[in-house]
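Structure first, commentary second.
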Amino acid sequence: MAQKLAAGNWKMNGTEASLAEIDAMIAAYPDPGCGVLICPPATLLDRLSKRVGSGPIATGAQDCHANASGAHTGDISAEMIKDAGGAYVILGHSERRTDHGETNEQVNAKAVAATGAGLVAVVCVGETLEQRDAGETLDLVGAQLAGSIPDGISGETLVVAYEPVWAIGTGRIPTIEQITEVHDFMRAKLTERFGAEVGGAVSLLYGGSVKPSNAAEIFAVENVDGALVGGASLKAADFGAIIDALQ
Ligand code: PEP
Numbered sequence: 004m005a006q007k008l009a010a011g012n013w014k015m016n017g018t019e020a021s022l023a024e025i026d027a028m029i030a031a032y033p034d035p036g037c038g039v040l041i042c043p044p045a046t047l048l049d050r051l052s053k054r055v056g057s058g059p060i061a062t063g064a065q066d067c068h069a070n071a072s073g074a075h076t077g078d079i080s081a082e083m084i085k086d087a088g089g090a091y092v093i094l095g096h097s098e099r100r101t102d103h104g105e106t107n108e109q110v111n112a113k114a115v116a117a118t119g120a121g122l123v124a125v126v127c128v129g130e131t132l133e134q135r136d137a138g139e140t141l142d143l144v145g146a147q148l149a150g151s152i153p154d155g156i157s158g159e160t161l162v163v164a165y166e167p168v169w170a171i172g173t174g175r176i177p178t179i180e181q182i183t184e185v186h187d188f189m190r191a192k193l194t195e196r197f198g199a200e201v202g203g204a205v206s207l208l209y210g211g212s213v214k215p216s217n218a219a220e221i222f223a224v225e226n227v228d229g230a231l232v233g234g235a236s237l238k239a240a241d242f243g244a245i246i247d248a249l250q
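Numbering of the sequence shown is given in our numbering, commencing with residue 4 and proceeding in unit increments.
Take a look at the structure:
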């Protein structure tokens, strides 16, 4: 059975003042009925991890390098994320794939590094509007799953987020039928490759303009185990309402 997870991606947002949102969340959710994860920018990871302490809110990063250390200016490794208190790392977000040209092979290598360092890899997949209009969504998502996810994963080391690129930060979301189709497909693909036990245990998140107003409807979809939330994760009240819809 896959864990329910509400994951927040703060992207390139947040400074010391933003930690007040975490304080509000810690106070509001001493014992949430689902997993809660916040992935702040790398500059805040250590501070945020200390803030949540050993409580139920987990922290993570938004990317890692495939190597453990070395001459890679500006990058951080999975070991560094672990050292800063993170337990998860988002990999292959469409903004990384677009802005930094990340390929499935690179995401795969990062996922190997992440799981090797003891982190949970949150691997993102999703089509552009052009690919959806061309009827390529399932082929694309299937290829991203096959290429970006390494062998040997488990429900404890992998989370998959389906994030249609055209729904991220746009206020547009796919229909419930479209979300259902892709999530059923992803569950089937993971089950085909890793077996029923692992395939059924990987949390499948939907991401793209999730808000308090649409969360409950999305979470009612059978193979949606939670959400990866960008903009609405920045404010404790909004993210809290999404957590409420998931519990
Ligand atoms: C994201 O960045 O992963 C995301 C889903 O963003 P938003 O919720 O703002 O669409």
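Ideal Cβ placement from N, Cα and C applies to all residues, glycine included. Owing to the predicted nature of the structure, the values given are computational and were not obtained by experimental measurement.
So who's on the other strand from residue i, going by DSSP bridges?
| i | result |
| --- | --- |
| ALA10 | LEU40, LEU231 |
| ALA164 | CYS127, LEU208 |
| GLY63 | TYR91 |
| SER80 | HIS68 |
May I have the straight-line CA-CA distance separating residue i from residue j, to the nearest angstrom?
| i | j | result |
| --- | --- | --- |
| GLY121 | ALA114 | 11 Å |
| ASP26 | PHE222 | 26 Å |
| GLY211 | ILE246 | 16 Å |
| GLY119 | ILE79 | 15 Å |
| HIS103 | HIS68 | 12 Å |
| THR106 | ALA248 | 34 Å |
| THR183 | GLY203 | 15 Å |
| THR46 | GLY63 | 12 Å |
| PHE197 | CYS127 | 18 Å |
| ALA5 | SER72 | 33 Å |
| ALA149 | GLU195 | 11 Å |
| MET15 | ALA244 | 22 Å |
Using 6 Å as the cut-off, classify the Cβ of residue i as near or not near the heavy atoms of the ligand GDP, replying yes or no.
| i | result |
| --- | --- |
| VAL201 | With respect to small molecules bound, the structure shown includes the ligand PEP and not the ligand GDP. |
Assuming residue i contacts residue j under a Cβ cut-off of 8 Å, what Cβ separation, rounded to an integer in Å, is found between them?
| i | j | result |
| --- | --- | --- |
| THR235 | VAL213 | According to the sequence provided, residue 235 is Ala. The question's Thr does not apply to it. The Cβ separation is near 6 Å, so the contact holds. |
| VAL232 | ALA9 | 7 Å |
| CYS42 | ASN70 | With a Cβ gap of about 21 Å, CYS42 and ASN70 do not count as contacting. |
Hey, quick one: how far does the alpha helix (DSSP H) through residue i stretch, first residue to last?
| i | result |
| --- | --- |
| ASN111 | 107-119 |
| VAL185 | 179-197 |
| THR46 | 45-55 |
| ILE221 | 218-222 |
| ASP144 | The question names Asp, but residue 144 is Val in the sequence shown. That run of the alpha helix (DSSP H) goes 140-151. |
| THR101 | 97-102 |
| ARG135 | 132-136 |
Can you check whether the C-beta of residue i is within less than 7 Å of a C-beta belonging to chain C?
| i | result |
| --- | --- |
| GLY172 | The structure shown contains no chain C, having only a single protein chain. |
(request) Check whether the segment 52-59 touches the segment 86-100, counting contact only when three or more Cβ pairs, one atom from each stretch, lie closer than 8 Å. (result) yes
(message) Quick check: the segment 225-242 against the segment 178-191, are at least 3 beta-carbon pairs closer than 8 Å?
(response) yes
(message) Within 8 Å, do at least three Cβ pairs link the segment 148-168 to the segment 102-111?
(response) yes
(request) Tell me, please, whether the segment 165-179 touches the segment 124-133 by the rule of three or more beta-carbon pairs shorter than 8 Å. (result) yes
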